[in-house]
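Mind the numbering: the sequence shown is residues 1 to 319 in the working numbering, read in order.
C-beta: ideal position from N, C-alpha, C; glycine also.
Since we're looking at a predicted model, the values are computed, not measured.
A short write-up of the structure that comes next.
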Amino acid sequence: MKNSDLDQQYLDQIREITFKPIFIMGVQRSGTSILYELLNKTNSFNIITAYHIIKNRELIYNHLNNLEEESKKKLAVFFKSKSQIDRGIDKLKITPDFPEEYGFVLAQKTGKSQLIYESLKTFNEFCKKIQYISENNKPLLLKNPFDFSNFLFIKKIIPDAKYIFIHRFPIKTLNSQINSMRTLLKQKSQYMSLLSPSYDKMFNNKILLNYYKFMYNSLSPITTNKAIKNLANRTKYFLENIDSIEKKDYVSTRYEDICEKPNDEIKKIMSFLKIKIESNIDFRKFIKPRKTVILQELKNQEKYISKTMENYQKYCGYI
């Protein structure tokens, strides 16, 4: 049997598995990863990890045959052999247990990272696998930046879902988005190649790779303008639709507050979820602030960005 089919023989075992999803909702580079890591430190959730994404077709097989640890060790050795210590786009250390986005699994199946009707079966099957191999009744904590402006659809298909919205000052979000893409295009990330086949294929296509490098060049305004428009549209969606979600179903935080007072913010979130933090964790030790240098192309449009997302900034308390 091929590796891609290893779990097929066991799917009957997860048919009756249920999961209680809690979604971390934020756009790319808004702080979803650090929030995911901090909440994972509470040991109160089942989460999606790099191992789950990369080995998503053999999770049950590995679990039942006691191969999980061996598979993780092989992944760790691979990361080390490729000098993949962190993600490159930030200083978050990579391990097989690194919290990751379920959107990568959706994209592998449908070509789209956002949860849609066509990927619902894949999503449900993947989540059930995680619950099954976790062997507990903890809620499933999920994150996928592509679904930030998709929460109404998710609420429709998963009525009992809960949400943790995280926001970040717009120009700093844009700055991080553009910088991270330039980093991923400058040199191939073996880690990202494992998560995203489309990224891997891009590096095998010189024409396509050069096209993206040109688009993200500091001299080209196209991608910067597109990034601003995209963020403006997604934040607009949030403002127009957040009142459609009952207040009992969501809580909000800001990246800046997570960095400044992580203990208070995590306590607030856990209180909202009605989950007690069992251990006395000082979340401040996991925060490593980095100085932000705003790109000149964004500085040139700072007033436009502020004006375009003025209502969003007011909602978040930035102005």
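The region 92-101 and the region 42-56 touch, with no fewer than 3 CB-CB distances between them shorter than 8 Å. As the crow flies, the alpha-carbon of ASN204 is around 11 Å from that of SER193. Taking SER119 as the centre and dropping the five residues before and after it, the same chain places the C-beta of LEU106, LYS109, THR110, LYS112 closer than 8 Å to its C-beta, in chain order. With a contact defined as Cβ atoms closer than 8 Å, CYS127 and PHE45 miss out at about 13 Å.
For PRO221, the enclosing alpha helix (DSSP H) stretches over residues 221-241. Around the beta carbon of PHE123, 16 or more other beta carbons sit within 10 angstroms, so the residue counts as buried. Excluding residues up to 5 positions away in sequence, PHE78, PHE79, LYS82, GLN84 lie with their Cβ nearer than 8 Å to the Cβ of GLN190 in the same chain. Distance from the CA of PHE286 to the CA of GLU260, rounded to the nearest whole angstrom, comes to 12 Å.
Within the DSSP bridge table, the entry for PHE23 names LEU142, TYR163 as partners.
Here LYS162 is buried, its C-beta having at least 16 other C-beta atoms within 10 Å. Partner residues in a beta bridge of LYS129, as assigned by DSSP, do not exist.
Just measuring C-alpha positions, the residue of ASN233, ALA227, LEU184 sitting nearest LEU209 is LEU184. When the Cα atoms are used, TYR216 and ILE228 turn out to be separated by approximately 13 Å. Here DSSP, grouped into helix, strand and coil, assigns THR253 to strand. Here TYR315 really is in contact with LEU239; their C-beta atoms are around 6 Å apart, less than 8 Å. The DSSP-derived three-state label of PRO99 is strand.
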